[in-house]
Structure formats: structure tokens, C-alpha cells
Amino acid sequence: MESDPEGGCGVISVENLSKEFNGIKALDRVTLQIEKGEAFGLIGPNGAGKTTLVRVLAGQIAAGAGEIYFEGEAIDPRERRYHLNMGLVPQEAAFYGRLSARENLELIGLLYGMPKASVRPRAAELLDWSGLTEHAERQVRFFSQGMQQRLSLAMGLMHEPDYLYLDEPTAGLDPQARFSLWDLILRLSDQGTAILMTTHNMDEADRLCKRLAVLVNGAIREEGTPEQIKALLGSDRLELTLQTVDAELLDGLCGPLDLSWEQKVDRVVITGSRLSEKIPRIVTALGSNILDLQYKEVTLEDAFLRFMGRVRI
1 MESDPEGGCG VISVENLSKE FNGIKALDRV TLQIEKGEAF GLIGPNGAGK TTLVRVLAGQ
61 IAAGAGEIYF EGEAIDPRER RYHLNMGLVP QEAAFYGRLS ARENLELIGL LYGMPKASVR
121 PRAAELLDWS GLTEHAERQV RFFSQGMQQR LSLAMGLMHE PDYLYLDEPT AGLDPQARFS
181 LWDLILRLSD QGTAILMTTH NMDEADRLCK RLAVLVNGAI REEGTPEQIK ALLGSDRLEL
241 TLQTVDAELL DGLCGPLDLS WEQKVDRVVI TGSRLSEKIP RIVTALGSNI LDLQYKEVTL
301 EDAFLRFMGR VRI
């Protein structure tokens with residue numbers, strides 16, 4: 001991604017951000033930009049630097065080098081004025097277990113300096129938004145993990161931040177709780193909140209994020225929309241079972257179509273760009289020689305695993 005030397009035009013822009021721990025690079029000249037109403041995802045293996053980047057942006061630890069901009073203005077994430085525009089939902093939900101959901105929300109509102117008159121209405125609004133109204137007076141220690149995660153997200157939104165950092169927001173949740181949280185995150189994005197989220201769940205990244213960055217050893221290796229990442233790192237496959245495998249025929253068919261083929265046990269696997277558009281020509285050429293045909297679209301997880309298989313960590 002090309003960066004604006006004046007600090008970019010996104011809600012949050014990061015330029016050449018680096019961080020070391022005991023001489024080991026945790027972040028290596030990271031540059032990215034997050035726009036209003038965009039969920040931007042960070043994917044990568046364990047230890048890639050995803051949580052470190054979130055902690056730097058949230059002001060929990062200082063960067064070693066580089067610049068962070070908020071709407072074009074260079075800022076220090078540790079300054080209080082920055083915190084008033086930022087919401088953080090850490091991987092480990094942070095709340096007071098012996099307080100009720102409403103009390104947790106009202107407390108976080110007061111800690112952010114919200115006027116007392118607006119704290120209770122805002123808490124009620126978020127309890128309704130997160131589907132927790134009927135549990136408002138219940139101690140949070142008795143909540144399910146999914147309910148705790150929804151409350152944690154609501155707490156991060158109590159002061160109406162312009163941007164939100166989510167660190168593995170659905171880790172450990174069952175499918176129903178995960179889908180419920182996905183819906184809340186999509187609604188936030190639609191309402192204009194800028195979101196940076198880390199995740200190991202590739203389906204989650206594909207569904208929620210408008211753009212992704214692949215982080216490896218603290219450096220961004222690839223960046224783009226989920227579709228761009230899939231096209232860049234993987235490819236769709238056409239798996240054929242043929243009566244006879246004619247290598248000369250397959251070479252003559254695939255070459256002009258910019259496709260490649262290989263034989264795997266009892267199947268011929270064809271891959272290449274815009275494969276779906278070329279299937280009719282393949283079927284016409286091979287005709288009755290085809291016993292079985294399966295078209296498999298590449299998933300983000302497929303693409304990520306193939307990428308990691310050829311990247312030196």
C-alpha cells in the first residue's frame with residue numbers, strides 16, 4: 001500500500017511502525033490505513049505481532065519507531081484525548097464480575113469522563129443493542145462466555161468512540177455466540193465505526209473485514225480485500241476423474257487458457273486464473289472422457305495455509 005507522506009487520509013494511519021522486545025522485532029515497519037466504516041482485519045500465525053500492534057495503537061505500550069495518525073494528525077496513543085476517541089475490546093474480557101452488566105457499563109462511562117446525566121441512558125441503549133437488557137441487573141460472573149463478550153464489546157463502545165480495536169473478539173465462543181457477535185460487529189461497521197480486529201478465524205475475517213493484512217514476523221506481507229488475498233495466495237480448482245489421461249491433450253487445452261494441470265492419484269487437478277469462466281471450454285474439449293467433475297472455490301483459509309507453507313517464519 002502506498003502511504004501519504006502527510007499521514008494518510010484514513011481515520012487511523014500507521015507509518016513504518018516498529019517495536020522490539022529484547023532485540024527481537026515484534027513489529028517491523030508496519031504501514032496501514034483504516035477508513036471510516038471499515039473493518040480491517042489482521043491475520044497471521046501466533047507470534048506474528050497482531051496483539052502487539054493493537055497494544056501499541058491502544059496506548060498500552062510505546063512504539064519503538066514510526067508514526068501514528070488520527071485523521072491526518074500525528075498523535076501519541078498514550079494521551080488521554082486519544083483514548084476518548086478509541087474503544088478497546090481485549091481478548092480476555094475485562095469487567096468486574098460482582099457488578100451487574102448495567103453497573104459495569106455505567107462505571108466505564110464515568111471513568112471516561114462522561115456526564116452523569118448521559119451515563120445511564122447510554123448504558124440502557126447498549127444493553128438493548130447487545131441483547132442484554134433482560135440480564136442488566138445480573139452479576140456478570142454468572143454470564144455465559146458469549147454474553148460476557150457482548151458486554152465487553154458494549155463497554156468498549158460506552159463513550160461512543162470513532163474507532164475500535166478488537167483482539168480475537170470471538171476466541172473460544174460457540175457458533176451461536178460467535179454469529180451473534182459477528183452481527184454486532186457488522187452493524188458497527190455499517191454505522192461508520194472504523195474497526196481494527198485480529199483473528200485466527202479465516203471465515204470470520206472473510207465475512208467481516210473489507211480489507212485484510214497478512215502479518216508475519218511483525219511485517220505485513222500481503223494486503224487487500226479478502227477476494228484479492230484469495231486470488232493472490234491461492235486459486236480455485238477443477239478436479240476431474242477421466243477415463244484416460246492424455247497429457248498431450250491436456251497440455252494443448254490448458255496452455256492457451258493460461259491454466260495448469262497435474263495428476264493426483266486418480267484425479268486431474270486444473271488450476272489457474274478465472275477458472276470458472278473456462279470450465280465450459282474444458283468440458284467441451286474433454287467431452288465423454290469425463291467421469292466426474294468437481295469445482296472447488298479457494299477459501300481464505302486455503303489461501304492462508306498455502307501462503308504460510310511457502311513463507312519462511
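Taking the UniProt record's numbering, the leading residue of the sequence shown gets 1, the next gets one more, and so forth.
No residue lacks a Cβ here, since even glycine has one placed at the ideal position from N, Cα and C.
Since we're looking at a predicted model, the values are computed, not measured.
**Message:** Just verifying my parser: in three-state terms, what is the DSSP assignment at Ile34?
**Reply:** strand
**Item:** Three or more C-beta pairs below 8 Å linking the stretch 99-106 and the stretch 62-73
**Value:** no
**Message:** Just verifying my parser: in three-state terms, what is the DSSP assignment at Gly191?
**Reply:** Reading the sequence as shown, one finds Gln at residue 191 and not Gly. Gln191: coil per DSSP, three-state reduction.
**Prompt:** For Gln228, does the three-state DSSP call read helix, strand or coil?
**Reply:** helix
**Request:** Thinking Leu164 and Leu132 are a contact (beta carbons under 8 Å), I'd like their distance in whole angstroms, please.
**Result:** 18 Å between Cβ atoms; not a contact.
**Prompt:** When DSSP labels each residue in this structure, what does Arg274 get in the three-state scheme?
**Reply:** coil
**Given 8 Å, three or more beta-carbon pairs between the stretch 239-251 and the stretch 283-291** = yes
**Message:** Could you tell me the alpha carbon to alpha carbon distance between Arg138 and Leu126, rounded to whole angstroms?
**Reply:** 15 Å
**Asked** For Met50, which residues does DSSP report across the bridge?
**Response** Note on identity: in this sequence residue 50 is Lys, with Met being the wrong assignment. Bridge partners of Lys50: none, in fact.
**Request:** Would you grab the beta carbon distance between Gly37 and Gly192 for me? Rounded to a whole angstrom, and I think it's under 8 Å.
**Result:** 5 Å
**Request:** Closer than 8 Å by C-beta to Leu110: which residues in its own chain qualify, once you throw out the five before and the five after it? Chain order, please.
**Result:** Lys116 and Val119
**Prompt:** So, using beta-carbon positions, are Lys230 and Val140 closer together than 7 Å?
**Reply:** no
**Prompt:** Anyone know if the C-beta pair for Ala194 and Val11 falls short of 7 Å?
**Reply:** yes
**Message:** Assuming Leu208 and Ala39 are in contact, meaning their beta carbons sit under 8 Å apart, how far apart are those beta carbons, in whole angstroms?
**Reply:** 5 Å
**Asked** Would the beta-carbon of residue 327 fall within 7 Å of that of Thr199?
**Response** With the chain covering 1 to 313 only, the question about residue 327 has no answer from this structure.
**Prompt:** Given that a residue counts as buried once 16 or more other Cβ atoms are within 10 Å of its Cβ, and exposed if not, what is Arg150?
**Reply:** buried
**Asked** Can you tell me the Cα-Cα spacing of Ser18 and Ile220, whole angstroms?
**Response** 12 Å
**Assigned exposure category for Pro169 - 16 Cβ within 10 Å defines buried** = buried
**Message:** So, for Tyr295: in the same chain, excluding its five sequence neighbours on each side, which residues have a beta-carbon less than 6 Å away from its beta-carbon?
**Reply:** Leu238
**Request:** Would you list the residues sitting across from Phe304 in a DSSP beta bridge?
**Result:** Per DSSP, none; premise fails for Phe304.
**Item:** Same chain, Cβ closer than 7 Å to Met155, five either side skipped, listed in chain order
**Value:** Phe95, Asn104, Leu105 and Ile108
**Asked** How far does the beta strand (DSSP E) with Asp292 in it reach, from first residue to last?
**Response** Ile290 to Lys296
**Length of the line joining the Cα atoms of Ala124 and Leu232** = 45 Å
**Prompt:** How many angstroms separate the CA atom of Glu277 from the CA atom of Asp203?
**Reply:** 25 Å
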